[in-house]
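**Q** Reading the sequence shown from the start, the letters are residues 7 to 251 in the numbering used here.
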Amino acid sequence: MPRHDPAFAAWLDENVMAHKVEGYAAVTISLKARGAIPGDATGEQMKAVADIAERYSASEIRVTHRQNLVLPWVPQAELYAVYQALLAEELAEANIGLASDIISCPGLDYCALATARSIPVAQRLSEELREREQREDLRGITVNISGCINACGHHHAATIGILGLNRAEQENYQITLAGRADEGAQVGTILGPGFDADALPGAVHRILDTFQSLRRDDENLADVYARVGKEPFKQAAYPALENAA
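(1) Start and end of the beta strand (DSSP E) containing Gly167?
(2) Just the C-alpha distance for Ala100 and Asp215, rounded to the nearest angstrom, thanks.
(3) For Glu20, tell me which candidate among Ala120, Ala59, Ile102, Asp224 has the shortest Cα-Cα distance.
(4) What do you reckon, are the CB atoms on Ala163 and Pro44 nearer than 8 Å?
(5) Tell me which same chain residues have a C-beta within less than 8 Å of the C-beta of Ala232, skipping the five on either side of it?
(6) Over what stretch of residues does the beta strand (DSSP E) that includes Pro199 continue unbroken?
(7) Secondary structure at Pro207, three-state DSSP: helix, strand or coil?
(8) Buried or exposed: which applies to Gly235, given that a residue is buried once 16 or more other Cβ atoms fall within 10 Å of its Cβ?
(9) Excluding the 5 residues preceding and the 5 following Val210 in the sequence, name in chain order all residues of the same chain whose CB lies nearer than 7 Å to its CB.
(10) What is the DSSP secondary structure of Glu99, counted as helix, strand or coil?
(11) Assign Asn156 to one of three DSSP states: helix, strand, or coil.
(12) Mapping DSSP to helix, strand and coil, what is Ile125?
(13) Determine the burial state of Lys53: buried for a count of at least 16 other Cβ atoms within 10 Å of its Cβ, exposed for fewer.
(14) Between the region 83-96 and the region 51-71, are three or more C-beta pairs nearer than 8 Å?
(15) Within its chain, find whatever has a CB closer than 7 Å to the CB of His242; leave out the 5 residues flanking it on each side and keep chain order.
(16) Need the endpoints of the beta strand (DSSP E) that Glu20 sits in, please.
(17) DSSP three-state call for Ala250: helix, strand or coil?
(18) Near Gln51, what residues of its chain come up, given a Cβ to Cβ distance below 8 Å and the 5 sequence neighbours on each side ignored?
(19) Among Pro207, Arg40, Tyr86, which one has its Cα closest to the Cα of Glu137?
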């Protein structure tokens, strides 16, 4: 396989998982293209995925809780062919397990229960996080967005959770930090007051800046939070409050 192709090599590293059956791999198809609606695909793309699965994955496709697709039975010798087929359909984004692999509920655009929009927030964060991932390692950071307290986006279980609320008839976004859905499962901690949609991305970037400045070795954000506590992240997220104090 031509691993000298940097884009293919990145896709192998991020989207292809080891398989218990020798000679096979499991391929995750990212439905999180830069700036796109998380989990969204066109009818033509879905037809193409069905064709790819029929040809390369024993006609099997699985859907993940992170709103992506998995081809579970891909021969390793066919990985480059699968990559090329996905690339032709604009489905070869190499960001599985990165911060831009965002979960988002439909939010106020489509759901009658929602109190705030989720999709436009996810799209803007996707653009900015994908850009940031070209410069630094954002593996192991999960960003989940819910448009109301029903929490369909599972924001409470994310490293960076975002909950859309209605405050005085204005959309307001509350951040939670250090949620986990692994063996150390815990609900994320509310960081402080919410942000409007325009201010939210800046707060997320300042949180990530703080994480990068405090992390040791391969620590993830939840590990750093457990070690240093809320205060450094809160001070970074709310510089105006810090200056006022």
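For each residue, glycine too, the CB sits at the ideal point set by N, CA and C.
**A** The answer reads as follows:
(1) Counting from 1 along the sequence shown, the entry for residue 167 is found at position 161. Start and end: 166-173.
(2) For this step, residue 100 is matched to residue 94 along the sequence shown. For this step, residue 215 is matched to residue 209 along the sequence shown. Approximately 23 Å, taken between the alpha carbons.
(3) Taking the first residue of the sequence shown as position 1, residue 20 is located at position 14. Looking at the Cα atoms, Ile102 is the closest of the given residues.
(4) Within the sequence shown, the letter at position 157 stands for residue 163. Within the sequence shown, the letter at position 38 stands for residue 44. No. Outside cutoff.
(5) Here residue 232 is taken as the residue at index 226 of the sequence shown, counted from 1. Within the same chain, Ala232 has close Cβ partners Ala184.
(6) Taking the first residue of the sequence shown as position 1, residue 199 is located at position 193. First-last for Pro199: undefined, no H or E at that position.
(7) Numbered from its first residue, the sequence shown carries residue 207 at position 201. In the structure shown, Pro207 sits in a helix (DSSP, three-state: H, G or I).
(8) As a working note, residue 235 is residue 229 in the sequence shown. Exposed, since its Cβ has fewer than 16 Cβ neighbours within 10 Å.
(9) If you number the sequence shown from 1, residue 210 lands on position 204. The beta carbon of Val210 sits closer than 7 Å to those of Leu131, Ile166, all from its chain and outside the five residues before and after it, given in chain order.
(10) Sequence index remark: in the sequence shown, residue 99 carries index 93 (1-based). Three-state result, Glu99: coil.
(11) As a working mapping, residue 156 is identified with position 150 in the sequence shown. Coil.
(12) If you number the sequence shown from 1, residue 125 lands on position 119. In the three-state reduction of the DSSP assignment, Ile125 falls in the helix class, which pools H, G and I.
(13) The residue given as residue 53 occupies position 47 in the sequence shown. Classification of Lys53: exposed, given that the 10 Å Cβ count is below 16.
(14) The region 83-96 is in contact with the region 51-71.
(15) On the sequence shown, position 236 is the one that residue 242 refers to. His is not the amino acid found at residue 242; the sequence shown has Ala there. Here the set comprises Arg212, Ile213, Asp215, Thr216.
(16) In the sequence shown, counting from the first residue as 1, residue 20 sits at position 14. Where Glu20 is concerned, there is no enclosing beta strand (DSSP E), although the alpha helix (DSSP H) it sits in stretches over 12-21.
(17) Here residue 250 corresponds to residue number 244 of the sequence shown, with the count starting at 1. Residue placement at Ala250 cannot be trusted, given a pLDDT of 41 that sits under 50; what the coordinates show is reported in the next sentence. The answer is helix: DSSP assigns Ala250 an H, G or I state.
(18) For this step, residue 51 is matched to residue 45 along the sequence shown. Cβ contact annotation for Gln51 (same chain, cutoff 8 Å, sequence separation greater than five): Glu95, Glu96, Leu97, in chain order.
(19) Numbered from 1 along the sequence shown, position 131 holds the residue referred to as residue 137. Comparing alpha carbon positions, the residue from Pro207, Arg40, Tyr86 closest to Glu137 is Arg40.
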